[in-house]
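To keep things clear, I will list the structure first and then write my remarks on it.
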Amino acid sequence: MWFRERVSRRGLLWGGLSAAGGSVMLAGGSSLAQSSHSGHGEAAAVSPAIPSDHSSGHGAMTTVGEVDDERNGFDPAKLLTDWETGTVSTLSDGRKLRTFEVEAVDREIEIAPGVMFPAWTYNGRVPGPALRATEGERLRIVFRNLGSHPHSMHFHGIHSARMDGVPGAGLIDPGDEFVYEFDARPFGCHLYHCHALPLKRHIHKGMYGLFVIDPDPALHPEHEEIARSRLLGTPENVQWQEFAMVMNAFDTNFDNENEVYAVNTIAHAYMKRPITIARDRPVRIYLANVIEFDPINSFHLHGNFFDYFEQGTTLTPTLKTVDLITQVQAQRGILEFTYGEHEPGLYMFHPHQSEFTELGWVGMFNVVETVA
Amino acid sequence: MSEAPRAPAADPTPALAQRRLPLLWLLLPLAALGLAIAWLITADPLKNFSNGAPPVESLTFERTILSSDGIRVLVRAGGSQPMSIAQVQVDDAYWQFTQEPAGPLDRGATAWLHIPYPWTLGEAHAINVVTNTGATFAHEIAVAVPTPTRDATSLVSQAMLGLFVGLVPVVIGMMFYPALRGVGRNGMNFLLALTVGLLAFLAVDATAEAFELAGEAAALFQGQAMVVLAAAAAFLLLMAAGRRDGAPTGLALASFIALGIGLHNLGEGLAIGAAFAAGAAGLGSFLVLGFMLHNITEGIGISAPLLKKRPPIWIFAALALLAGGPAVIGLWLGSLAYAPQWSALALAIGAGAIAQVIVEVTAYLMRSDGRGSIALTSPATIAGLVGGSALMYITAMLVKL
Numbered sequence: 001m002w003f004r005e006r007v008s009r010r011g012l013l014w015g016g017l018s019a020a021g022g023s024v025m026l027a028g029g030s031s032l033a034q035s036s037h038s039g040h041g042e043a044a045a046v047s048p049a050i051p052s053d054h055s056s057g058h059g060a061m062t063t064v065g066e067v068d069d070e071r072n073g074f075d076p077a078k079l080l081t082d083w084e085t086g087t088v089s090t091l092s093d094g095r096k097l098r099t100f101e102v103e104a105v106d107r108e109i110e111i112a113p114g115v116m117f118p119a120w121t122y123n124g125r126v127p128g129p130a131l132r133a134t135e136g137e138r139l140r141i142v143f144r145n146l147g148s149h150p151h152s153m154h155f156h157g158i159h160s161a162r163m164d165g166v167p168g169a170g171l172i173d174p175g176d177e178f179v180y181e182f183d184a185r186p187f188g189c190h191l192y193h194c195h196a197l198p199l200k201r202h203i204h205k206g207m208y209g210l211f212v213i214d215p216d217p218a219l220h221p222e223h224e225e226i227a228r229s230r231l232l233g234t235p236e237n238v239q240w241q242e243f244a245m246v247m248n249a250f251d252t253n254f255d256n257e258n259e260v261y262a263v264n265t266i267a268h269a270y271m272k273r274p275i276t277i278a279r280d281r282p283v284r285i286y287l288a289n290v291i292e293f294d295p296i297n298s299f300h301l302h303g304n305f306f307d308y309f310e311q312g313t314t315l316t317p318t319l320k321t322v323d324l325i326t327q328v329q330a331q332r333g334i335l336e337f338t339y340g341e342h343e344p345g346l347y348m349f350h351p352h353q354s355e356f357t358e359l360g361w362v363g364m365f366n367v368v369e370t371v372a
Numbered sequence: 001m002s003e004a005p006r007a008p009a010a011d012p013t014p015a016l017a018q019r020r021l022p023l024l025w026l027l028l029p030l031a032a033l034g035l036a037i038a039w040l041i042t043a044d045p046l047k048n049f050s051n052g053a054p055p056v057e058s059l060t061f062e063r064t065i066l067s068s069d070g071i072r073v074l075v076r077a078g079g080s081q082p083m084s085i086a087q088v089q090v091d092d093a094y095w096q097f098t099q100e101p102a103g104p105l106d107r108g109a110t111a112w113l114h115i116p117y118p119w120t121l122g123e124a125h126a127i128n129v130v131t132n133t134g135a136t137f138a139h140e141i142a143v144a145v146p147t148p149t150r151d152a153t154s155l156v157s158q159a160m161l162g163l164f165v166g167l168v169p170v171v172i173g174m175m176f177y178p179a180l181r182g183v184g185r186n187g188m189n190f191l192l193a194l195t196v197g198l199l200a201f202l203a204v205d206a207t208a209e210a211f212e213l214a215g216e217a218a219a220l221f222q223g224q225a226m227v228v229l230a231a232a233a234a235f236l237l238l239m240a241a242g243r244r245d246g247a248p249t250g251l252a253l254a255s256f257i258a259l260g261i262g263l264h265n266l267g268e269g270l271a272i273g274a275a276f277a278a279g280a281a282g283l284g285s286f287l288v289l290g291f292m293l294h295n296i297t298e299g300i301g302i303s304a305p306l307l308k309k310r311p312p313i314w315i316f317a318a319l320a321l322l323a324g325g326p327a328v329i330g331l332w333l334g335s336l337a338y339a340p341q342w343s344a345l346a347l348a349i350g351a352g353a354i355a356q357v358i359v360e361v362t363a364y365l366m367r368s369d370g371r372g373s374i375a376l377t378s379p380a381t382i383a384g385l386v387g388g389s390a391l392m393y394i395t396a397m398l399v400k401l
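Listed in order, the protein sequences are those of chains A and B. Reminder that position 329 of the first sequence reads as 329 in UniProt numbering, one-by-one numbering, no gaps. Reminder that position 18 of the second sequence reads as 18 in UniProt numbering, one-by-one numbering, no gaps.
What follows is the structure, given as structure tokens:
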């Protein structure tokens, strides 16, 4: 079999002669190899073409250019804190009714500089709007399908079969409308996604988003303070620097392998523009993994450890003092940490699958003394 | 060489109008073509075929240069529309790169991508170009070694390699000349048939390699058709040139044999030079020895038509240079400006030239024998044919893997 591998005679000759050793040849060959080796260090260390100062942190490993956030219609820096709280009214029984409006829209988005992806979106953005409600509220999600394929919203939460967003229960054709209605429970960090078939294609085309239910402090007297800090808008909550992060990926050539990995869609977005955090205020990340094709994703924080609340359904950590967590698809949780005792600087975060990191899913926290 | 299609010649009729008619028949189809193009562009009657699908994209990697400042690749676009390179991955990592010239690549256009990637000597690397539509085009660097640069040292060492595989064996083969001079009719038939046998082997070898390289070239070159057309054109041109003053014999025939072998060696040299650039793995000095054994037969073949003459020594030198020298030129060109389509073209022309020589040597054999086609089936001829091709085949085992 060995000679069937087509290394033809022209291919072998080069090695043949260098081994045969025209002394000239040998001298020439080795000096070339040497120079190339000594050259590498310089090339990697200097990387003069990247202008910004944090570039030395990742050297030449980067996507080239800038994504046009304006054309995309969403800015990864703003996605972090852009919670969709809907509109709130009061029902006849005194309960709160929270209404969200979501539209499925086909949209071409730029997921890495110059790389366009024909996405299916909720409200024109990927990930879809980060819906945020409070435990015990009645939720009403008005869903309109303006896309070219049947879509749905399948919520990870407690609801009836009729509201499940699967075929026959809230999966609607283009042009149709459906209203999902259920109670907001259990509290935690959840997600929603399209459950139309084929599922893989509908998810990886961009149809997913965070669905966060904050705990009602009145229902958790034993941890009322903690619950209050989780409830959006309370004075305790304002102390926290909260970020919404969805780990996603895109198969741009549709070969069932991802070409671009990211958190919140845009490759290297938080590498090129690090996320600023004030040193003296705690950080809370609502993190979910939605990638297709790869069985697992992860989150690793540099220079620090964090507490982890699996699916966010508890008020005490399910994992204490870790610097790495793993998530399969649809797994999610809450990370809490502080850089209060650190010196200011750039702290990296990325999955500890080096491949994902090098294909775009990597970012930086820029820890500063105070935020202007 | 090739003429544009013309309308059929008109009958010689006296009437002026009749004589102008052919011109009209020439203009009419051209006008129709112009109208069709104008209609296609303005009215877009085929717009129903634009189904929203992204344009067809194609990217071919023609050269790879590894140096101390990273990797350079020459790519050729072959898309249905100008295509844009958005990002470059090396070993599944997005890497900084520059494109020269920048901007979208028209169909057939080339650009250099410079990637400052710290490649590792002797290991494999994979380049993956991502276009703006998300399509990907992969290129494997099987073994990373520094690409020879355009300095005197590497040019000299390549020339030495070319001389060893091209010129030296031909000269050694020619040194059999005095020993062969005394041969009789059967001996002559054997030697000429031996020449035909070795040429037949080279023709098959050159054609196969030309097709293989053509497969690596960008689709727009239509490599397969190019190889066939180039080989046929070379064959016909050389046949016509050779037969201007009757069938070539003696020195003229030897020159044609040397030219055919030289063209083959040029193509080989291009490919070997490309292997320099691509850094294929080495096995040892026996390969060069194998190459020399392999090519010695070529020297015998060139000498065979000269056995009845007594040419001066410089004629031999010139023939050896014609047959072996192109290997050096091929090596230089191949390592400095390699692209698969040029190597395929050179090998195809070589194959055509060799086919011409096969015809002429066979004709010469029949004439010098005096018995015509019966000579072709004489035991000495058959033995020579089998011996020549077998010798080439067996010595090729030393250099092919």
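Every residue gets a Cβ at the ideal spot worked out from N, C-alpha and C, and that includes glycine. Every value quoted in this text rests on a predicted model; they were computed, and no experiment measured them.
- Query: To which residues of the same chain is Pro-104 of chain B closer than 8 Å at the C-beta, ignoring the five residues directly before and after it?
  - Reply: Pro-82, Met-83 and Ser-84
- Task: Report the option in A:Leu-287, A:Ala-330 and A:Val-260 whose CA atom is closest to the CA atom of Glu-110 of chain A.
- Result: Measuring from the Cα of Glu-110 of chain A, the nearest candidate turns out to be A:Val-260.
- Any beta-carbon of chain A closer than 8 Å to the one on Pro-116 of chain B? yes
- Query: Just the Cα atoms here: how many angstroms apart are Leu-155 of chain B and Leu-266 of chain B?
  - Reply: 16 Å
- Output the distance between the C-alpha atoms of Leu-179 of chain A and Ala-169 of chain A, rounded to the nearest integer angstrom. The amino acid at residue 179 of chain A is misidentified as Leu; the sequence shows Val. About 11 Å.
- Taking just the CA atoms, how far does Val-56 of chain B sit from Pro-45 of chain B? For the pair Pro-45 of chain B and Val-56 of chain B, the Cα-to-Cα distance works out to about 20 Å.
- Message: Run through chain B and tell me which residues come within less than 9 Å of Gly-115 of chain A, C-beta to C-beta.
- Response: Checking the sequence shown, residue 115 of chain A turns out to be Val, not Gly. Per Cβ cutoff of 9 Å: Ala-86, Gln-87, Val-130, Thr-131, Asn-132, Thr-133 and Gly-134.
- Message: In whole angstroms, give me the CA-to-CA distance for Gly-329 of chain A and Val-290 of chain A.
- Response: According to the sequence as given, residue 329 of chain A is Gln; it is not Gly. Using only the alpha carbons, I get a separation of about 5 Å.
- Cα-Cα separation, Val-130 of chain B to Ile-266 of chain A: 15 Å
- Item | Enclosing beta strand (DSSP E) for Arg-144 of chain A [first to last residue] | 138-145
- Message: Buried or exposed for Val-238 of chain A, going by 16 or more other Cβ atoms inside 10 Å?
- Response: exposed
- Task: Please decide whether Ser-389 of chain B counts as near chain A, where near means a Cβ-Cβ distance under 8 Å.
- Result: Residue contact check for Ser-389 of chain B against chain A: no CB pair falls below 8 Å.
- Item | Same chain, Cβ closer than 7 Å to Asn-72 of chain A, five either side skipped, listed in chain order | Ile-109 and Glu-110
- CB of Val-367 of chain A within 8 Å of CB of Ile-277 of chain A, strictly: Going by C-beta atoms, Val-367 of chain A is nearer than 8 Å to Ile-277 of chain A.
- Cβ pair count under 8 Å reaching 3, the stretch 227-243 of chain B against the stretch 351-369 of chain B: yes
- Can you tell me which of B:Ser-335, B:Leu-74 and B:Met-226 puts its alpha carbon nearest to the alpha carbon of Gly-352 of chain B? B:Met-226
- Query: Whose C-beta lies closer than 6 Å to the C-beta of Phe-100 of chain A among residues of the same chain, with five residues either side of it excluded?
  - Reply: Gly-86, Leu-131 and Ile-141
- Since Thr-121 of chain A meets chain B, which of its residues come closer than 9 Å, beta carbon to beta carbon? By Cβ distance, chain B contributes nothing, its closest Cβ being about 16 Å from Thr-121 of chain A, past 9 Å.
- Mind the definition here: the stretch 332-348 of chain B touches the stretch 188-203 of chain B only if three or more C-beta pairs lie below 8 Å; say whether that holds. no
- Item | alpha helix (DSSP H) runs contained entirely in the stretch 101-188 of chain B, provided each spans 4 or more residues | 152-162, 168-174 and 177-180, all fully within the stretch 101-188 of chain B.
- Message: Contact criterion: CB-CB distance below 8 Å. Does Tyr-94 of chain B meet it with respect to chain A?
- Response: At least one chain A Cβ lies under 8 Å of Tyr-94 of chain B.
- Query: If you draw a straight line from the C-alpha of Phe-309 of chain A to the C-alpha of Ile-141 of chain B, how long is it?
  - Reply: 45 Å
- Message: Pop quiz: Trp-112 of chain B and Ile-71 of chain B are said to be a contact at Cβ under 8 Å. What is the actual Cβ separation, rounded to whole angstroms?
- Response: Wrong, their Cβ atoms sit about 11 Å apart, outside the cutoff.
- Going by C-alpha distance, which of A:Ala-112, A:Gly-136 and A:Arg-107 is nearest Arg-125 of chain A? A:Arg-107
- Item | Residues near Glu-181 of chain A by beta carbon distance below 6 Å, same chain, minus five either side | Arg-140
- Among A:Gly-340, A:Glu-343 and A:His-302, nearest to Leu-324 of chain A - alpha-carbon criterion: A:His-302
- Query: Considering Glu-356 of chain B, what are the terminal residues of the beta strand (DSSP E) in which it resides?
  - Reply: Reading the sequence as shown, one finds Gln at residue 356 of chain B and not Glu. Not the beta strand (DSSP E): Gln-356 of chain B falls in the alpha helix (DSSP H), residues 340-369.
- Proximal residues of chain A, C-beta to C-beta of Phe-211 of chain B below 7 Å: Here the premise fails: no neighbours, minimum Cβ distance about 13 Å.
- Message: Suppose you measure from the CA of Leu-259 of chain B to the CA of Ala-323 of chain B; what does that come to, to the nearest Å?
- Response: CA-CA distance, Leu-259 of chain B to Ala-323 of chain B, rounds to 6 Å.
- Tell me whether Thr-121 of chain A is buried or exposed, calling it buried when 16 or more other Cβ atoms sit within 10 Å of its Cβ. buried
- Message: For the pair the stretch 177-187 of chain B and the stretch 291-309 of chain B, tell me if three or more CB-CB distances fall below 8 Å.
- Response: yes
- If you draw a straight line from the alpha carbon of Trp-240 of chain A to that of Asp-280 of chain A, how long is it in whole angstroms? Looking at the two C-alpha atoms, the distance is approximately 10 Å.
- Message: My output table needs one value for Met-397 of chain B: the three-state DSSP class, helix, strand or coil.
- Response: Three-state DSSP puts Met-397 of chain B in coil, outside helix and strand.
- DSSP three-state assignment for Gln-241 of chain A, whether helix, strand or coil: Strand at Gln-241 of chain A.
- Take Leu-319 of chain A and list the residues in its own chain whose beta-carbon comes closer than 6 Å to its own, dropping the five residues that flank it on each side. Tyr-308
- Leaving out five residues before and five after Asp-68 of chain A in sequence, what residues of the same chain have Cβ atoms less than 8 Å from its Cβ? Glu-110
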